[in-house]
Structures are given as C-alpha cells and as structure tokens.
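The structure appears below as structure tokens.
Given below as structure tokens:
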C-alpha cells in the first residue's frame, strides 16, 4: 500500500541567483508530528510566487521516493538527499506519475485530496537542486510529480497509509497530461479527454483549449521582410495618416486576419515598428493608420515624409488579437489611435452583414482628433444590430468605468480592447465588474514582464547593454526599440535581460514556452535543444542563439 514518507514545509525566503534576488518557497524541510492540511496550504508552509504555485488547485505538491532514487542514479549523486528538496510537500512511497490520474482522490490521515495537475515546470526547482536543466529533465524523463487540492481538511503525518477513494474519469495519467502540454505530438483526441476531466486545474484547461484552437492556425505568409510599395498616403486628421501598401509586382497580397498587425522596417536601416491593419485586407493592398507621436522618428517619417511609389520592408501580418468566429455579441472598445485593429474587425463584420450584436465604443479628445469616424459610422450602418457610443473627453467627458457600466453591455459578449495601457486596464476591470468574462486586449509596446519570483527589480527603460559590445550577430528587439550584438556566450534571453527589455519566462530550459517570441527576420540555433520546438515563425529565447542578425517582436 502506498504511504506518506515525509511531510515537508517551508516559508518563502530571498535567495541570491545570477546577480539577482529570488523570493521562493522551494526550500522545504521535513517536520515531525501531525500537520494540518488546509484548503490553501499545509500549516507552516508558503509559496513565494502565487501566480505559479499554491492556491486551491495547487495546495499540496507530491513527489515520489522512486523518483528520488532515479535522480540519484541519473545525476550521479551519493545519496537521495533530504526529503523536500524537489519542493514537494508530501514525499510518498508509491503513486508513480504514470499510474496516478488526474481526478484521482486519495485519503491520507484525516484529509482527502484530489489530483489536479502535474508540477509546473519552473527554474526554481533547478535552483534548489543546483541543476539548472532539471525542469527539462523532469518532463523529458516523465517524472514531474503532481499537485493536489484538499477536498477535506485534516491532519496528516509521516507513516500514514494512502488509500485511493475514487478513480478520476478519463484514465489520463499525470505523466501523460504533462507530456500533452510540454512534449511534441499533441493528440487532439487526448486533449479533449483532458478537457472533460472536471478536476483538471483551470490553468491547464486553458492551455489545452488554446492548443486545440491553435492546431490549425496558419503561420506567417512569408519569412523575414519583403518590400511593399506605397500606393496611397491619406491624411485622416492633423496628426494621423492612412497608408496603403501593395506588392511591387502587382500580385495579390496574402490574406490577413482582422486585428493583425504589420511590422515595417524603415529605409536606411531605420527603426522597426508595428502597426495594426486598419481595414480588412483586400486583394491588392494592406492599409495601416499611423499617428504622428511627439518625437516619434518612425511615425513622423510615415505621416509627413512618405510618398506614393516608395518601398518599405514589411514582415508578414501577425498577431493573436483577432476577431473570433461565433454568434455571441462583439464589444469593440478603443481610445485614440487604438481604434485601428478593432476597425479592421468592424470591416470584417460589415462585409459579411453579420447578425451578431456589435457595440462600437470609442474615446477621443475632440471630433477633430477622431480619425476614420465617418468610415466607422458607415460600416455600423450596414450591420442589423449595431450600437455606437463615442465619448469626447474635451466636451462630453471621457469614457470611464462608470459610464461603461451605464451601457448595460451583454455579459456573454467577447470584448476587444485597444488603446493606452491605462485605458485598457480600466476597461478590463470595468468589463469584468459588468460580468463580461471574455476580454481580449492588444498591446504594441513591449509586453509586461513575466519573471516569476524576482524581487527588487529596478524599473529602467530598455537600453543597449553596459560594458564592451558583443561580437556576435545583432539582435533587434523591435517593440523595445533596442538593437545590440549578442555576446559570444549566453542566450537571447540573457541579452534581453542585460538590455532591460521586458522578458517573459519560467523554466529557462526550453520546456514551458512562456518565452516564445515571434521572429520577424533571421534564424536561430538552440543550445540546449528544447523538448519541443515552437511554431514556425517563433523562437524560444531562453535557449536560442542567433545564426545571423535577428529581429524579434519584443
């Protein structure tokens, strides 16, 4: 019969790591006597990063004695070491990952638990063990361990027998669930089985839904940059212009999805910038609409100096902020020049005479600073169930959460928001308060960093790295406006960190795909090789090195 070998707890603490400070609860130690298992935690335990660990679905982490013995041999260590060193709360004899299934329930002592998900791949277990590649090894060797939620609170102690009280539906083991997310060969049928298991944690359900939705998503229409010819520059307001671009050879341009953006490289090694397509692409042209920002070299050139006949290098349309098919209501919210991607969505809906209820909600300072207003109004007139609400802050007042609540928006709608960061944050909060659950946002600046556990991180704008320049290929971080040669050693992620470019990562070993980034031009090699390479047109920056000059959408 399986049994509980050790109960391990530990409070979060600050740990030095690669010149930075990490706040982590991965250091667990065995305790004697009974320990109360509560719905959110074991008494005496804590997690440093509650976004990735802890909470109801991840109240208790389990790891097995057999895996201790396996890693002792694989890593060539003298002994298995102290229990709790893999960050687990419960060290058990039995319950192997290839036999325990999502939704299984177990009685241990006075408490009852339910298996919710495999361990989250995270660099901190490698930090604790002194083996940086351990997150990848746990997945590759099918020994992740698993989380449980507490069904019934109660005391547990070392020596308690472990009794299975219910078998989870679907017979999907922890090891298979882990492989479905992190290893190649994502079987859609098995993904659907996983989604039918109520006990599977919401985070993993969301990941599997995204995988099913993205299984047939097309990659970029072309690699790198190719020239497009300017056929028309149209002033829309005193500071905004629309630019139409065509293939120089006269060929039809590849279709793009409503909401996607185009990335341009300006002439003479100028800056790289991204702009939403502001109309549904036709057979002949793409249209972008650009606001001349103060001191904006790129926007100033495009709105005042660009002339028909010029050519601009463009990367293929990209972006996940796209209008989804369906029958539910659509909320299109924007402020200022943020109207461009949602205007393309409105074009798409009007072209199909969509019967979906469509709400067009826009904020501008004055009518004179509201580009393409007449175009939007004409498109709305072609829809049978359209609602228009425009707020001019200089006269009628700006769009606020309170005014949004007055509109009584449908809770079953999908909302698409684009505008300044503060506007998007306010609207997201307001929509959530109004009961709208499905909310999409678009951001053209660098994405917010995801650096789990890091503390005391100084806030600095992106910059070229300090010290002597590297001797490798130049890496351009397009959203951040920084370009620098990469040093001989280190990954693209290391260079981004040195430039204070906002980065997103968790495992740092090519497993979790948190760091996946669109490649606008150039190629990479991997060291170490990721367990699964990302989709075409993207790169895992945590383990990638550029083969030549590289432009990334970050």
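In our numbering, the protein residues as written are 55 to 608.
All residues carry an ideal CB built from backbone N, CA and C; glycine is no exception.
Please read these numbers as outputs of a predicted model, since none were measured by experiment.
- Here the segment 512 to 529 does not lie against the segment 393 to 402, with fewer than 3 beta-carbon pairs under 8 Å apart.
- Shortest Cα-Cα distance from residue 545 to any of 527, 153 and 536 involves 527.
- The criterion of a C-beta distance shorter than 8 Å is not satisfied by residue 229 and residue 561.
- Across the structure, residue 386 and residue 437 are spaced so that their CA atoms are roughly 14 Å apart.
- In this structure, the CA atom of residue 479 is about 11 Å from the CA atom of residue 494.
- Boundaries of the alpha helix (DSSP H) harbouring residue 460: 455 to 460, taken from the DSSP string.
- Within the same chain, and ignoring the five residues on either side of residue 93 in sequence, the residues whose Cβ sits closer than 8 Å to its Cβ are 110, 113, 203, 204 and 207.
- The distance from the Cβ of residue 281 to that of residue 302 is about 6 Å, consistent with a contact at the 8 Å cut-off.
- Between residue 77 and residue 199, the gap from beta carbon to beta carbon reaches 8 Å or more.
- In chain order, 150 place their CB closer than 7 Å to the CB of residue 120, counting only its own chain and leaving out the 5 sequence neighbours on each side.
- Counted as a single uninterrupted DSSP element, the stretch harbouring residue 366 is not any alpha helix (DSSP H) but the beta strand (DSSP E) occupying residues 365 to 372.
- Bounds of the alpha helix (DSSP H) holding residue 477 are 475 to 487.
- Taking each of 473, 231, 209 and 455 in turn and checking the Cα distance to residue 173, the smallest one comes out for 231.
- Under the three-state reduction of DSSP output, residue 238 falls in the coil class, being neither helix nor strand.
- The way I'd put it, the segment 283 to 300 does touch the segment 332 to 346; three or more beta-carbon pairs between them come closer than 8 Å.
- Where residue 416 is concerned, there is no enclosing alpha helix (DSSP H), although the beta strand (DSSP E) around it starts and stops at 412 to 418.
- Cβ-Cβ separation between residue 433 and residue 401: approximately 6 Å, consistent with a contact (criterion under 8 Å).
- It is roughly 8 Å from the alpha-carbon of residue 489 to the alpha-carbon of residue 464.
- The closest CA to that of residue 468, considering only 349, 248, 380 and 568, is found on 380.
- Here the C-alpha atom of residue 491 lies approximately 11 Å from the C-alpha atom of residue 484.
- If you draw a straight line from the Cα of residue 441 to the Cα of residue 316, it is about 29 Å long.
- One thing to note: residue 455 has its Cβ no nearer than 8 Å to the Cβ of residue 328.
- In this structure the segment 121 to 135 does not lie against the segment 240 to 247, because fewer than three pairs of beta carbons, one per stretch, are closer than 8 Å.
- Secondary structure note for residue 208: its beta strand (DSSP E) is the uninterrupted segment 208 to 210.
- Excluding residues up to 5 positions away in sequence, 375, 395 and 472 lie with their Cβ nearer than 6 Å to the Cβ of residue 496 in the same chain.
- Nearest C-alpha to residue 219 among 175, 161 and 153: 161.
- As the crow flies, the alpha-carbon of residue 240 is around 5 Å from that of residue 234.
- Along the length of the segment 253 to 325, whole alpha helix (DSSP H) runs at least 4 residues long occupy 256 to 268, reported in chain order.
- Taking 4 residues as the shortest admissible run, the segment 506 to 547 contains no complete alpha helix (DSSP H) segment at all.
- Inclusion of residue 294 and residue 345 in the CB contact set at 8 Å is warranted, their separation being smaller than that value.
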